[in-house]
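Data first, discussion second: the structure below is written as structure tokens.
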Amino acid sequence: MSAPETREPNVARERQGIWIPDWTVSLVIVVALVFVVIAWPMNAYAARFPLLAGGMCLVLGVLELTAQYLRHRSGLADTASAEPADRQARVESAIIISWVFLSVLSIYLLGMLGTAFASTLVYYRVIDKRSWKVSVVMGFVVAVFLWISFDVLAGFYIYEGFLLRRLT
Amino acid sequence: MLRWGPVGLWGHMEIVEALSIAFTVEGLLLILAGCVLAMLMGMLPGLSGTEALLIVLPFTFHLGLNESMLILCSAYASSYVGGALTSIVFGIPGSSTNLATIIDGYPLHKQGRTIFAVNVAFIASAIGGLISIGLLVALIPFMEPVSLLFGPPEWFLIVIFGLVVLAFSSESSFLRVLISGAFGLLLATVGMSVIGGTQRYTMGLTDLWGGIPIIASFIGLYPLAEAVDLARTEWKKNEDGAEAREVLEGLKRKGQLREAAAAVARNPYPLGVGTFTGWFVGLVPGVGASLASILGYLVVKQVSPNQDSFGKGDVRGVIGAETANNATVGGALIPALALGIPGSVNTAVLLGVMMINGVQPGTNVFTSDLTLLWTILVAVTLSTVLASTIMILGGWRLVAGIARVPPRSTVPAIAMIACMSLLLARGNPFDLSVAIVMAAIGIVLKKYRFSRVAFIIALLLGPLVEQSYLQALSISRGSYLVFFESWVAIVLWAVIALCVGVHVRNVARAWRGRHAGATVAQGAGR
Numbered sequence: 003m004s005a006p007e008t009r010e011p012n013v014a015r016e017r018q019g020i021w022i023p024d025w026t027v028s029l030v031i032v033v034a035l036v037f038v039v040i041a042w043p044m045n046a047y048a049a050r051f052p053l054l055a056g057g058m059c060l061v062l063g064v065l066e067l068t069a070q071y072l073r074h075r076s077g078l079a080d081t082a083s084a085e086p087a088d089r090q091a092r093v094e095s096a097i098i099i100s101w102v103f104l105s106v107l108s109i110y111l112l113g114m115l116g117t118a119f120a121s122t123l124v125y126y127r128v129i130d131k132r133s134w135k136v137s138v139v140m141g142f143v144v145a146v147f148l149w150i151s152f153d154v155l156a157g158f159y160i161y162e163g164f165l166l167r168r169l170t
Numbered sequence: 010m011l012r013w014g015p016v017g018l019w020g021h022m023e024i025v026e027a028l029s030i031a032f033t034v035e036g037l038l039l040i041l042a043g044c045v046l047a048m049l050m051g052m053l054p055g056l057s058g059t060e061a062l063l064i065v066l067p068f069t070f071h072l073g074l075n076e077s078m079l080i081l082c083s084a085y086a087s088s089y090v091g092g093a094l095t096s097i098v099f100g101i102p103g104s105s106t107n108l109a110t111i112i113d114g115y116p117l118h119k120q121g122r123t124i125f126a127v128n129v130a131f132i133a134s135a136i137g138g139l140i141s142i143g144l145l146v147a148l149i150p151f152m153e154p155v156s157l158l159f160g161p162p163e164w165f166l167i168v169i170f171g172l173v174v175l176a177f178s179s180e181s182s183f184l185r186v187l188i189s190g191a192f193g194l195l196l197a198t199v200g201m202s203v204i205g206g207t208q209r210y211t212m213g214l215t216d217l218w219g220g221i222p223i224i225a226s227f228i229g230l231y232p233l234a235e236a237v238d239l240a241r242t243e244w245k246k247n248e249d250g251a252e253a254r255e256v257l258e259g260l261k262r263k264g265q266l267r268e269a270a271a272a273v274a275r276n277p278y279p280l281g282v283g284t285f286t287g288w289f290v291g292l293v294p295g296v297g298a299s300l301a302s303i304l305g306y307l308v309v310k311q312v313s314p315n316q317d318s319f320g321k322g323d324v325r326g327v328i329g330a331e332t333a334n335n336a337t338v339g340g341a342l343i344p345a346l347a348l349g350i351p352g353s354v355n356t357a358v359l360l361g362v363m364m365i366n367g368v369q370p371g372t373n374v375f376t377s378d379l380t381l382l383w384t385i386l387v388a389v390t391l392s393t394v395l396a397s398t399i400m401i402l403g404g405w406r407l408v409a410g411i412a413r414v415p416p417r418s419t420v421p422a423i424a425m426i427a428c429m430s431l432l433l434a435r436g437n438p439f440d441l442s443v444a445i446v447m448a449a450i451g452i453v454l455k456k457y458r459f460s461r462v463a464f465i466i467a468l469l470l471g472p473l474v475e476q477s478y479l480q481a482l483s484i485s486r487g488s489y490l491v492f493f494e495s496w497v498a499i500v501l502w503a504v505i506a507l508c509v510g511v512h513v514r515n516v517a518r519a520w521r522g523r524h525a526g527a528t529v530a531q532g533a534g535r
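Okay, structure coming up:
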């Protein structure tokens, strides 16, 4: 028998034994608590609504966690949490999320047109697995498209980025 | 009481004014641009009219409010049209709103009746959209008196009501949708307080004094968060194994417009049933065109004789689904304009632009802003006709090429245009940080089955909800009984209680059922 086949039932049993609160709901509760604590000493007008909204988050969050715990204790499947994803899907998602975040960070530094070229090139080469030639051409096309449609035709200001601003 | 304008109930002078705004070269170009962009986005699997709306949104800050509404409303009304083509030709919904069109549209394509099917879809879309707008126009005289019933306590309650109804009708968990809404309301408190101007949760950042920038939130939650899924979308071959290119070659056949028009004319009953179903679904906050399309299809199937042919290329199925999704536009604009309650992201964008321009949806739209109201209606009507006409007259031959593009290849362009648009909105690079935080929130909300719609609606309406809440308490000198005094408030509470009660009953039933099933399984196992 192969190793994964013997391991899976154990993992399932372990998961059934220990209840781990849903981190997303727990995070909402923590954020709501922080908001409530900060709002508490404010004047009545400023604090009233944050206390209400924070209170709603806390109550609903606790209800959701309680429901999840009861489902777990009864051995019923949790229908509310995320769909299970395989390792490949998780890695792909992580790469794409990193690309989105790095692209936005790059806009700060390189500006809009530089990022359009660089991030399109990286996307086509790394994520879409295209050739260098196609990736460079696509990077150039996207950057030129943005420049022509926004700057030349519409006359809008294109953000030049922190680095270029410092240099000029 | 109904308000009689100078020439009638609808304010004829304002109609003329709205027409004069729309029928200029600039106005028509804006409508055409919104229309074409939304259709293209609708055709691409993974993208929808929402992305089109969000991409054009920042440009509207350089336009007047009426001109902004021309491009936004035309994008909104046309967004459901393009997706029908992808559904019929590829068997993949261009947007979730065209999901039900596949059931009978795709079999029609496989029978070699592609052009007939797409023409039926486009004609049905136009008729469904126009009838729903007609119903909205007919109700205009009654909207002002209705909106006047809503004071601060009722306005506060209607938002809570909207979130509860959204949770009740959503596919996600009831509690998770409510948590999304409550979290949106909580984040909406960032910035200066409505009364007194106290700084709250700004962390010393002056950029947050005015609250979380709503445009950056829209862009982060939708186009940027969506990029992650879109980049993982494979452009599948359809069931026949034919490549997208080959399928599109198959489309280049002689048109069958007359036959399609005759088929729609022969089926007035599915047309009417689909339209009214979509219109009613549109009225309910948060339900949206996706469910309307499916319900429209199912209701038409239920009330039709010879149900066996449904699912095998029955034209009534295409008519039911396509009329229903387009008819939601007229329905959804009623709560949005009369009460300021957006039922979807698209209507939230429209309301957001109105609010940024200092127009409070509700009574004002029916008293002092009748020109704006009519501009919206003219834009929606023109774009509904224009979208279907462009597609029927063969525009799809030109734009169908876009459907050849694998969805994942569009990600860099979409993300860069979204960021570019975001920077145009306020010209403040700080908004990029907000967009990236919102993208992270959007990814988590989507992956963990919360509700992005509830979150964004709450975030958008948060400041107004707070204002209503404080005004109501101020009127009642701090007594919470003010939220139970009027009959409107009591009706809203009753519906909220009903939704919660029905949900609790459903959960209890499901719990008992699953528990009994588990016990039986354990017994059998022993």
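Just so you know, the protein sequences line up as chains A and F, in that order. Here the first sequence stands for residues 3 to 170, where the numbers follow this note's numbering. Here the second sequence stands for residues 10 to 535, where the numbers follow this note's numbering. The C-beta atom is built at its ideal place from N, Cα and C for all residues, glycine as well. Values in this document were obtained by computation on a predicted structure and should not be read as measured data.
Residue i classed as buried or exposed, judged by whether at least 16 other C-beta atoms fall within 10 angstroms
i: F/Asp-323; result: buried
i: A/Ala-41; result: buried
i: F/Arg-163; result: Note that residue 163 of chain F is Glu in the sequence shown here, rather than Arg. By the 10 Å Cβ count, F/Glu-163 comes out buried.
i: F/Trp-288; result: buried
i: F/Ala-489; result: Checking the sequence shown, residue 489 of chain F turns out to be Tyr, not Ala. So F/Tyr-489 ends up on the exposed side.
i: F/Gln-311; result: exposed
i: F/Tyr-85; result: buried
i: F/Gly-250; result: Bear in mind that a pLDDT of 48 at F/Gly-250, under 50, signals an unreliable position, so the model cannot answer this.
i: A/Pro-43; result: exposed
i: A/Ala-150; result: In the sequence as displayed, the identity of residue 150 of chain A is Ile instead of Ala. A/Ile-150 should be labelled exposed.
i: F/Glu-331; result: buried
Expected contact under 8 Å - CB spacing of residue i and residue j to nearest Å
i: F/Glu-60; j: F/Ile-399; result: At roughly 19 Å, the Cβ-Cβ gap does not stay under 8 Å, so F/Glu-60 and F/Ile-399 are not in contact.
i: A/Cys-59; j: F/Ala-191; result: 5 Å
i: F/Leu-292; j: F/Pro-344; result: 6 Å
i: F/Val-507; j: A/Leu-62; result: Here the sequence assigns Leu to residue 507 of chain F, which means Val is not the residue at that position. With a Cβ gap of about 19 Å, F/Leu-507 and A/Leu-62 do not count as contacting.
i: F/Gly-92; j: F/Ser-104; result: 4 Å
i: F/Val-327; j: F/Thr-110; result: 6 Å
i: F/Ile-40; j: F/Thr-390; result: The pair is not a contact, with the Cβ atoms about 10 Å apart (cut-off 8 Å).
i: F/Leu-308; j: F/Arg-325; result: Sequence check: residue 308 of chain F is Val here, not Leu. The pair is not a contact, with the Cβ atoms about 11 Å apart (cut-off 8 Å).
i: F/Ala-427; j: F/Ile-64; result: 6 Å
i: A/Val-106; j: F/Ala-444; result: 7 Å
i: F/Ala-225; j: F/Asp-440; result: 4 Å
N-terminal and C-terminal residue of the alpha helix (DSSP H) that residue i is part of
i: F/Glu-235; result: 234-240
i: A/Tyr-47; result: 46-75
i: A/Ile-31; result: 25-41
i: F/Glu-163; result: 161-178
i: F/Tyr-89; result: 74-99
i: F/Met-364; result: 354-365
i: F/Gly-51; result: 34-52
i: F/Met-152; result: 123-157
i: F/Leu-195; result: 183-196
i: F/Ser-430; result: 420-435
i: F/Lys-455; result: 439-456
i: F/Leu-63; result: 58-65
i: F/Ala-21; result: With the sequence shown as reference, residue 21 of chain F is identified as His, and Ala is not the correct amino acid for it. Segment 21-31, the alpha helix (DSSP H) holding F/His-21.
Sequence-distant residues of the same chain with beta carbon closer than 7 Å to residue i, five excluded per side
i: A/Tyr-125; result: Trp-101
i: A/Phe-164; result: Tyr-110, Leu-111
i: A/Val-136; result: Tyr-126
i: A/Phe-152; result: Phe-158, Ile-160
Cβ-based neighbour list, residue i, same chain, cut-off 6 Å, excluding 5 preceding and 5 following
i: F/Asn-335; result: Tyr-89, Ser-134, Gly-137, Gly-138
i: F/Phe-459; result: Arg-185, Ser-189
i: A/Ala-34; result: Gly-56, Cys-59, Leu-60
i: F/Ala-517; result: none
i: A/Thr-122; result: Met-140, Gly-141, Val-144
Other residues of its chain near residue i: CB distance less than 8 Å, five sequence neighbours each side excluded
i: A/Val-27; result: Gly-63, Glu-66, Leu-67, Gln-70
heavy atom of the ligand ADP below 7 Å from residue i C-beta
i: F/Pro-162; result: In the structure shown, the ligand ADP is absent, as is every other ligand, since no ligand is present at all.
Query raised in the report: Are at least three pairs of beta-carbons, each pair with one atom in the segment 354-366 of chain F and one in the segment 62-69 of chain F, less than 8 Å apart?
Result: yes
Query raised in the report: Taking three-plus beta-carbon pairs below 8 Å as touching, is the segment 380-399 of chain F in contact with the segment 76-90 of chain F?
Result: yes
Query raised in the report: Do the segment 459-470 of chain F and the segment 20-30 of chain F touch if we need at least three Cβ pairs shorter than 8 Å?
Result: Taking a contact to require three or more Cβ pairs closer than 8 Å, the segment 459-470 of chain F and the segment 20-30 of chain F do not qualify as touching.
Query raised in the report: Contact between the segment 221-238 of chain F and the segment 453-462 of chain F: three or more CB pairs below 8 Å?
Result: yes
Query raised in the report: Just checking, does the segment 151-162 of chain F make contact with the segment 23-42 of chain A on the three C-beta pairs under 8 Å criterion?
Result: Contact between the segment 151-162 of chain F and the segment 23-42 of chain A is absent, because fewer than three Cβ pairs lie under 8 Å.
Query raised in the report: Looking at C-beta atoms only, is the number of pairs between the segment 215-232 of chain F and the segment 479-496 of chain F that lie closer than 8 Å three or more?
Result: no
Query - Inter-stretch contact (C-beta, 8 Å, three-pair minimum) for the segment 70-78 of chain A and the segment 197-210 of chain F - result: no
Requested in this report: Check whether the segment 157-171 of chain F touches the segment 475-489 of chain F, taking contact to mean three or more Cβ pairs, one atom from each stretch, closer than 8 Å.
Outcome: Verdict: yes, contact present.
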